Amino acid sequence: MQPYLFPYFGYFQLINTVDKFIIYDDVQYIKGGWINRNRILLNTQAHLFTFSIKNDSTFLNINQRYFTNKLDKEKEKLFKIVDSAYSKAPFYSNTKKLLECILLTDELNISDMITQSLILICNYLDIGTQFYISSEIDKDNTLKGEERVIAINKCLDSKHYINSIGGETLYSKDVFKENGITLSFIKPKLVEYKQFENQFVPWLSIIDVLMFNSVEKTREMLQEYELI
689 MQPYLFPYFG YFQLINTVDK FIIYDDVQYI KGGWINRNRI LLNTQAHLFT FSIKNDSTFL
749 NINQRYFTNK LDKEKEKLFK IVDSAYSKAP FYSNTKKLLE CILLTDELNI SDMITQSLIL
809 ICNYLDIGTQ FYISSEIDKD NTLKGEERVI AINKCLDSKH YINSIGGETL YSKDVFKENG
869 ITLSFIKPKL VEYKQFENQF VPWLSIIDVL MFNSVEKTRE MLQEYELI
């Protein structure tokens, strides 16, 4: 998976389901995705927050892109919004400490900073999955798309590859099977939880999940998915 900033809960369901999780950092960065932004609950609505990225060549990969020198101010802004949005949430204190630990870093490289954050969140949730960085795997980097994903699996001696549900239109089970790999897709179930007394707003950042749920409850929720 590409590295996403404080991703939605389904991202962590995928991490928890597998033994090896690949940070797919050596593919082209595309604007408008979830790499540098996400959504939290603010005044009963989904609120988008963003960390700015330096202007650079559109051909650069994710691991070659950097946050701007505005990052410290953007972190401060996020903390203020989080305080305003969640100060009365049941697990605000622990989640705020986790966020502080994550954002304490001076790292500006997008991939490195987000990878660190994902590992810290997984440690908090007692998810023991091993992380691998795609750019550090010795593979044929001329390969693209499906062929490249298969090559990465072969490098790691993986016999079962699980992708997010969005990959159904990108990858063929038959092609993977021809290469000795079982292909599955993870489909998260919509798990509702209490967000104060408001109508539930789904698919927000992991920040929202952790503000309203204990570690134990969150770990139970990690099992709410289907493999297709």
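Just so you know, we're using this note's numbering here: the sequence shown kicks off at 689 and counts up by one.
Quick reminder that beta carbons are idealized off the backbone N, C-alpha and C, glycines included.
Because the structure is a prediction, the values reported are computed rather than measured.
Compare the beta carbon distance of residue i and residue j with 8 Å and say whether it is the shorter of the two.
| i | j | result |
| --- | --- | --- |
| Q701 | P876 | yes |
| N936 | F747 | No answer is possible for residue 936: the residues shown for the chain start at 689 and end at 916. |
| K763 | L806 | no |
| D794 | N751 | no |
| F819 | F709 | yes |
| I728 | L892 | yes |
| I874 | I840 | no |
| L898 | T783 | yes |
| L910 | N726 | no |
| A773 | L730 | yes |
| P691 | T803 | yes |
| Y859 | N851 | yes |
Apply the 10 Å Cβ neighbour rule to residue i and answer buried if 16 or more other Cβ atoms are within range, or exposed otherwise.
| i | result |
| --- | --- |
| D775 | Just to set this straight, residue 775 is Ser in the shown sequence, not Asp. Classification for S775: exposed. |
| I718 | exposed |
| Q883 | buried |
| L871 | buried |
| Q887 | exposed |
| V837 | buried |
| D896 | buried |
| S919 | Residue 919 lies beyond the residue range present for the chain, which begins at 689 and ends at 916; the question has no answer from this structure. |
| V863 | exposed |
What first and last residue would you give for the beta strand (DSSP E) that runs through residue i?
| i | result |
| --- | --- |
| S872 | T870 to P876 |
| I710 | K708 to I711 |
Can you tell which of the options has the C-alpha that lies nearest to the C-alpha of residue i?
| i | options | result |
| --- | --- | --- |
| H848 | I741, I728 and I916 | I916 |
| Y881 | P778, D845, Y859 and D828 | P778 |
| I825 | E835, C843 and G833 | C843 |
| F845 | T732, S823, N851 and I869 | According to the sequence provided, residue 845 is Asp. The question's Phe does not apply to it. Checked all of T732, S823, N851 and I869; the closest Cα to D845 is I869. |
| L808 | Y712, V863, Y913 and L786 | L786 |
| V879 | N743, E914, M689 and V863 | E914 |
By the DSSP assignment, the alpha helix (DSSP H) with residue i in it spans what residues?
| i | result |
| --- | --- |
| Q804 | I798 to Y812 |
| L759 | L759 to Y774 |
| L898 | I894 to F900 |
| A734 | Where A734 is concerned, there is no enclosing alpha helix (DSSP H), although the beta strand (DSSP E) it sits in stretches over Q733 to T738. |
Segment contact, 8 Å Cβ cut-off, at least three pairs: the stretch 805–819 with the stretch 749–757: no
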